[in-house]
Each structure stands twice: as structure tokens, then as C-alpha cells.
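Input: a single structure, listed below in C-alpha cells.
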Amino acid sequence: WSPVSRSVSATIVLFGADGNLSETRVMPTLADLWHRGLLPADVLIVGYARPVNQGGLIKDTEEFREFVSRWCNGRAGDFTHCCHYMTGQFDDHFAVGGLLHL
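The sequence shown stops at residue 94 when you use my numbering, and every number in between is there.
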């Protein structure tokens, strides 16, 4: 049973995706929900954080997927393919607006 149908389209945007809360709580929980079939099958998980040259820790989607795979206990598989990454400042309306075009 899932409160969300597996056929529903959904996008989850995680602001501050390179931070401690993301690493220790949010992404492990999302990975667990994914592996238990409690997220829509085509869910899109987008990490958003500052660019590396402005204090961010992750530079691109590939690096974000490597970051995410650490929480999957060897079960990363399809889950990391749902994960994408964008950079920008939080007060940059143009960069944040880019999330609308995923």
C-alpha cells in the first residue's frame, strides 16, 4: 500500500541538497521509500544547492548520484537514475526558475 499511486508523476526538489540534513536524513529516507515502492515509479528527485565556486559541495548530476549512492547500502540501482542536480543561489530567481523546465 502507498498513499501515492505508483502511476502519478511527481517531482521532489531538495533545496540545500549538499547539506548535512540532506545527507543524514532526507536522502536516506527517500531512498528507503523508493526501495519499498512508496514513491511514484517515475518520481524525479532534484537536488539544488550553491555552485562549487560559491561554496557548494557538489558540481553536477553525476557527482550528486555518487553522493546519493552512499545511502543506498548497495541498492542504488534505479533510484540514482531518478536523481538530478542543479546549482544556483537561492536568491537567484532565474536559477530557481530553471527548476520549472525539468
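Ideal Cβ placement from N, Cα and C applies to all residues, glycine included.
Member of the options whose CA lies at the smallest distance from the CA of residue i
i, options, result
"A41", "D84, G29 and H93", "D84"
"H73", "S61, H93 and T21", "S61"
"F82", "L25, P43, M19 and V18", "P43"
Euclidean distance between Cα positions of residue i and residue j
i, j, result
"G29", "A23", "10 Å"
"F71", "H27", "8 Å"
"T3", "F86", "19 Å"
"T16", "E54", "20 Å"
"G31", "N45", "Before going on, a small fix: residue 31 reads as Leu here, not Gly. Those two C-alpha atoms are separated by around 33 Å."
"G80", "V35", "22 Å"
"T21", "N12", "14 Å"
"W63", "L25", "12 Å"
Whether residue i touches residue j by CB criterion (8 Å)
i, j, result
"G8", "S1", "no"
"G39", "C75", "yes"
"G89", "M78", "no"
"I50", "L6", "no"
Exposed unless 16 or more other CB atoms sit within 10 angstroms - verdict on residue i
i, result
"R57", "buried"
"G69", "exposed"
"D10", "buried"
"D59", "Residue identity check: residue 59 is Phe in the sequence provided, not Asp. Buried."
"W(-7)", "Note that W(-7) scores 49 on pLDDT, short of 50, meaning its location in the model is unreliable and no value can be drawn from it."
Proximity test, Cβ basis, 8 Å: residue i and chain B
i, result
"D70", "In the structure shown, chain B cannot be found, because there is only a single protein chain."
Continuous beta strand (DSSP E) stretch holding residue i: start and end
i, result
"F7", "T3 to F7"
beta-carbon residue i near the ligand ADP non-hydrogen atom, thresh 7 Å
i, result
"A87", "Absent from the structure shown: the ligand ADP. Ligands present: none."
Start-to-end residues for the alpha helix (DSSP H) that takes in residue i
i, result
"T21", "M19 to H27"
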